[in-house]
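In what follows, a single structure is set out as structure tokens and then discussed.
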Amino acid sequence: MGASAAGAAFELKGRMATLSVLRVLNADTNAVLVQLDARLAQAPGFFDGMPLVIAPGQSVALDTPALVALVSGLKARGLTPVAVADLSSEQAAEAGLGLLRNLDAPSPKAASARPTSDSPSAHESARVVTTPVRSGQQIYARGGDLVITAAVSAGAEVMADGHIHIYGSLRGRALAGVQGDVNARIFCRSLHAELVAVAGHYRLSEQMDAELIDGPVMIALQGDDLQLSAV
Amino acid sequence: MARIVVVTSGKGGVGKTTTSAAFAAGLARAGHRTAVVDFDVGLRNLDLIMGCERRVVYDFVNVINGEANLNQALIRDKRTQGLSILPASQTRDKDALTFEGVQAVLEGLAEDHDYIVCDSPAGIERGAHLAMYFADDALVVTNPEVSSVRDSDRVLGLLSSKTRRAEQGEDPVQEHLIITRYVPERVGKGEMLSVEDVGEILSIDLLGVIPESSAVLNASNSGVPVILEEQTDAGQAYDDVVARYLGQQREHRFITEKKGLFGRLFKG
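These protein sequence lines are chains U and Z, in that order.
Take 1 as the starting number for the first sequence in my numbering and just add one per residue.
Take 232 as the starting number for the second sequence in my numbering and just add one per residue.
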């Protein structure tokens with residue numbers, strides 16, 4: 001009896017995750033930390049343990065000593081730097097962090113130029129779309145829910161940080177909770193989707209229960225499991 | 232003010248040029264001064280379908296480049312009064328079309344025409360984009376099969392975002408659906424999408440259904456817009472299309488199965 005009899009000791013899975021990026025706009029580490037302290041004081045506890053990616057801003061030369069100082073400064077403030085981006089692998093190794101490539105892969109077109117100020121509004125208003133979302137079109141409701149009162153065509157893609165409601169047929173792709181909200185859900189009147197996803201957990205049409213096709217369906221995440229259920 | 236109508240589809244070979252020729256001839260026959268413009272630079276076909284290929288002296292690209300004026304390039308149709316054709320260039324490619332050039336030509340045509348029909352090339356690249364950019368109305372030509380419907384859906388998305396009306400926040404381009412090469416018998420057998428299927432996916436106003444017909448090929452071969460072949464099913468279907476576009480109410484035809492002897496025997 002070899003090791004083959006034992007169950008798998010681990011799984012390695014690709015997951016979409018959301019990470020905050022600390023874009024360093026000043027090569028002077030102290031200046032960065034002083035301003036950071038002011039920000040942390042505004043929201044005590046909110047940033048505790050937050051994983052961070054450190055990336056230099058455009059035309060900012062972040063050298064290795066400054067990077068190392070920054071990393072220890074962040075750790076001292078309860079933050080968790082996990083990786084660097086747009087720096088060399090030598091610098092990443094020196095700082096004891098991972099290296100992310102392609103951090104700035106083409107991001108979905110911004111939904112609208114809504115100001116992202118620190119307004120005290122209790123909720124983000126949902127984005128409402130009343131015209132069909134055609135093949136090749138992409139709609140992203142940043143920071144909130146997406147409500148579509150028409151059909152989403154095959155080859156179209158709709159995304160939201162929050163829930164997605166579709167009051168027509170869903171034939172394209174719908175991705176809710178794209179910033180990692182595991183409580184986000186997708187609701188549609190008629191399911192013909194190519195792909196649905198919540199917080200990076202996705203399901204293809206060929207993996208969907210045939211009985212649900214063409215009917216009204218809710219898609220939600222339960223643990224690591226994407227559940228499709230008739231509503 | 233002339234109304235600009237683009238005939239478009241995304242997919243090739245679905246009947247854009249046939250539709251452009253028939254639609255333009257139908258508008259002219261109804262008394263409207265109409266110009267039909269071939270945007271398919273490099274793959275010139277409209278002149279063949281209109282039967283004026285031997286009368287082409289100057290073309291669209293010559294006018295854009297200032298080598299000829301509009302009047303020199305426009306071909307007056309001999310059969311239908313009030314109908315002119317602006318042929319594409321066969322020796323150039325779509326890059327010869329410039330935004331300013333197309334705009335100037337359309338403005339020139341608008342001075343003495345009521346309708347300008349733009350026959351779009353297939354695809355969604357430069358030629359097709361310029362053909363739809365200035366449009367007020369769009370005739371979206373679709374065959375009743377999934378890839379054609381998908382491409383038309385893509386084009387509808389472009390019409391609502393990449394046109395002058397969309398960019399300037401004016402009323403959107405009026406979209407009309409024309410389903411061509413329709414065979415009710417094959418729909419009955421489940422080999423072809425039905426009018427309802429296509430209508431549900433694209434959800435735009437249905438202007439007409441053109442049946443699959445040998446009349447279309449015959450008319451093309453003899454260089455006559457099929458709408459002028461009044462005895463044929465396709466000719467009558469295009470006549471309905473033009474009448475509906477001009478605001479008349481007409482019942483949709485050619486969408487139900489003609490029951491042959493066997494059909495009657497077996498379906499009771």
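For each residue, glycine too, the CB sits at the ideal point set by N, CA and C.
These numbers come from a predicted model, not from an experiment.
**Report entry** 6 Å Cβ shell around tyrosine 167 (chain U) - same chain, five flanking residues per side excluded
**Finding:** Correct list, in chain order: Thr149, Arg189.
Requested in this report: Taking the CB atoms as reference points, tell me whether aspartate 269 (chain Z) and alanine 319 (chain Z) lie closer together than 8 Å.
Outcome: Result yes, Cβ atoms of aspartate 269 (chain Z) and alanine 319 (chain Z) sit closer than 8 Å.
Query raised in the report: Buried or exposed: which applies to glutamine 207 (chain U), given that a residue is buried once 16 or more other Cβ atoms fall within 10 Å of its Cβ?
Result: So glutamine 207 (chain U) counts as exposed.
Report task. Return the CA-CA distance between leucine 87 (chain U) and tyrosine 346 (chain Z), expressed in angstroms with no decimal places. Result -> The straight-line gap separating the alpha-carbon atoms of leucine 87 (chain U) and tyrosine 346 (chain Z) is approximately 59 Å.
Query raised in the report: So with Cβ pairs under 8 Å, would you call arginine 39 (chain U) a contact of chain Z?
Result: So, not an interface residue.
Requested in this report: Check whether the Cβ atoms of valine 404 (chain Z) and alanine 362 (chain Z) lie closer than 8 Å to each other.
Outcome: With contacts defined by Cβ atoms closer than 8 Å, valine 404 (chain Z) and alanine 362 (chain Z) do not form a contacting pair.
Query - Proximal chain U residues relative to aspartate 471 (chain Z), where beta-carbon distance stays under 7 Å - result: Here the premise fails: no neighbours, minimum Cβ distance about 26 Å.
Query raised in the report: How is the alpha helix (DSSP H) around histidine 483 (chain Z) delimited, first residue to last?
Result: According to the DSSP assignment, histidine 483 (chain Z) belongs to no alpha helix (DSSP H), since it is labelled neither H nor E.
Query - First and last residue of the uninterrupted beta strand (DSSP E) at phenylalanine 187 (chain U) - result: Where phenylalanine 187 (chain U) is concerned, the enclosing beta strand (DSSP E) stretches over 186-191.
Query raised in the report: Considering only residues of the stretch 125-196 of chain U, which uninterrupted beta strand (DSSP E) runs meet the minimum length of 3 residues and lie entirely inside it, listed in chain order?
Result: Here the runs fully enclosed are 127-129, 138-141, 146-148, 157-160, 164-170, 173-176, 186-191.
Query raised in the report: Does the Cβ of leucine 97 (chain U) have 16 or more other Cβ atoms within 10 Å, making it buried, or fewer, making it exposed?
Result: It counts as buried.
Query raised in the report: In the DSSP assignment, what residue or residues form a beta bridge with valine 198 (chain U)?
Result: Looking at the DSSP assignment, valine 198 (chain U) forms a beta bridge with U:Ala176, U:His201.
Query raised in the report: Nearest CA to the CA of glycine 78 (chain U): which residue from U:Ser89, U:Gly49, U:Ala69, U:Ala61?
Result: In this structure, U:Gly49 is the residue among U:Ser89, U:Gly49, U:Ala69, U:Ala61 with its C-alpha nearest to the C-alpha of glycine 78 (chain U).
Requested in this report: For lysine 13 (chain U), count neighbouring C-beta atoms within 10 Å of its own C-beta (all shown protein chains included) and say buried if the count is 16 or more, exposed if not.
Outcome: Per the 10 Å Cβ criterion, exposed.
Query - Exposure of serine 351 (chain Z), with buried meaning 16 or more beta-carbon neighbours within 10 Å - result: Note on serine 351 (chain Z): 16 or more other CB atoms within 10 angstroms of its CB, so buried under the neighbour-count rule.
Report task. Report yes or no: do the stretch 55-75 of chain U and the stretch 23-38 of chain U share at least 3 C-beta pairs separated by less than 8 Å? Result -> Contact between the stretch 55-75 of chain U and the stretch 23-38 of chain U is present, because at least three Cβ pairs lie under 8 Å.
Report task. Output, in sequence order along the chain, the residues in the stretch 188-222 of chain U whose CB is closer than 8 Å to any CB in chain Z. Result -> From the stretch 188-222 of chain U, no residue has a Cβ closer than 8 Å to chain Z.
**Report entry** Chain-ordered residues of the stretch 373-392 of chain Z with a beta carbon less than 7 Å from chain U
**Finding:** Per Cβ criterion, the list reads Arg381, Asp384, Arg385, Leu387, Gly388, Ser391.
Query - Presumed contact (8 Å Cβ cut-off) between isoleucine 219 (chain U) and arginine 185 (chain U), rounded CB distance - result: Going by Cβ atoms, the distance from isoleucine 219 (chain U) to arginine 185 (chain U) rounds to 6 Å, so yes, they are a contact pair.
Query raised in the report: Counting only beta-carbon atoms, is threonine 80 (chain U) nearer than 8 Å to chain B?
Result: Protein chains U and Z are contained in the structure displayed, whereas chain B is not.
Query - Below-8 Å beta-carbon distance, serine 153 (chain U) vs any chain Z residue - result: Closer than 8 Å to some Cβ of chain Z, the Cβ of serine 153 (chain U) qualifies, so yes.
Query raised in the report: Quick one: what does DSSP say asparagine 281 (chain Z) is sitting in, helix, strand or coil?
Result: Here the sequence assigns methionine to residue 281 (chain Z), which means asparagine is not the residue at that position. Reduced to three states, the DSSP call for methionine 281 (chain Z) is coil.
Requested in this report: Apply the 10 Å Cβ neighbour rule to serine 392 (chain Z) and answer buried if 16 or more other Cβ atoms are within range, or exposed otherwise.
Outcome: Flag for serine 392 (chain Z) reads exposed.
Query raised in the report: How many angstroms separate the CA atom of alanine 353 (chain Z) from the CA atom of serine 240 (chain Z)?
Result: The alpha-carbon separation between alanine 353 (chain Z) and serine 240 (chain Z) amounts to approximately 7 Å.
Requested in this report: Find the nearest neighbour of arginine 234 (chain Z) within the set Z:Thr248, Z:His263, Z:Ile295, judged by alpha-carbon distance.
Outcome: Z:His263 is the residue among Z:Thr248, Z:His263, Z:Ile295 whose C-alpha sits nearest the C-alpha of arginine 234 (chain Z).
Query raised in the report: How should phenylalanine 330 (chain Z) be labelled, buried or exposed, when 16 other C-beta atoms within 10 angstroms of its C-beta is the threshold for buried?
Result: Its Cβ having fewer than 16 others within 10 Å, phenylalanine 330 (chain Z) is exposed.
**Report entry** glycine 136 (chain U): contacting residues in chain Z (beta-carbon distance under 7 Å)
**Finding:** Ordered by position in chain Z, the residues that pass the 7 Å Cβ test against glycine 136 (chain U) are Arg385, Gly388.
Query raised in the report: Hey, out of Z:Asp308, Z:Gly297, Z:Gln321, whose CA is closest to valine 333 (chain Z)'s CA?
Result: Nearest C-alpha to valine 333 (chain Z): Z:Gly297.
Query - Contacts of threonine 131 (chain U) in chain Z (Cβ-Cβ under 9 Å) - result: Correct list: Ser391, Pro403.
Query - Span of the beta strand (DSSP E) around glutamate 376 (chain Z) - result: Boundaries for glutamate 376 (chain Z): no beta strand (DSSP E) harbours it, and the DSSP string shows neither H nor E there.
Query - Chain-ordered residues of the stretch 420-454 of chain Z with a beta carbon less than 9 Å from chain U - result: Hits within the stretch, in order: Glu431, Ile432, Leu433, Ser434, Ile435.
Query raised in the report: Roughly how many angstroms separate the alpha carbons of glycine 430 (chain Z) and leucine 389 (chain Z), rounded to a whole number?
Result: Distance between glycine 430 (chain Z) and leucine 389 (chain Z), taken at the CA atoms: about 18 Å.
Query raised in the report: Which residues does DSSP pair with arginine 350 (chain Z) in a beta bridge?
Result: Here the sequence assigns aspartate to residue 350 (chain Z), which means arginine is not the residue at that position. Paired residue(s): Z:Val238, Z:Asp269.
Query raised in the report: So glutamine 246 (chain U) is in the alpha helix (DSSP H); what residue range does that whole segment cover?
Result: The structure shown does not extend to residue 246 (chain U), since chain U spans only 1 to 231, so no value can be given for it.
Report task. Could you tell me which residues DSSP pairs with aspartate 52 (chain U) in its beta bridges? Result -> Going by the sequence as given, residue 52 (chain U) is leucine instead of aspartate. Bridge pairing for leucine 52 (chain U): U:Ser20, U:Pro81 [DSSP].
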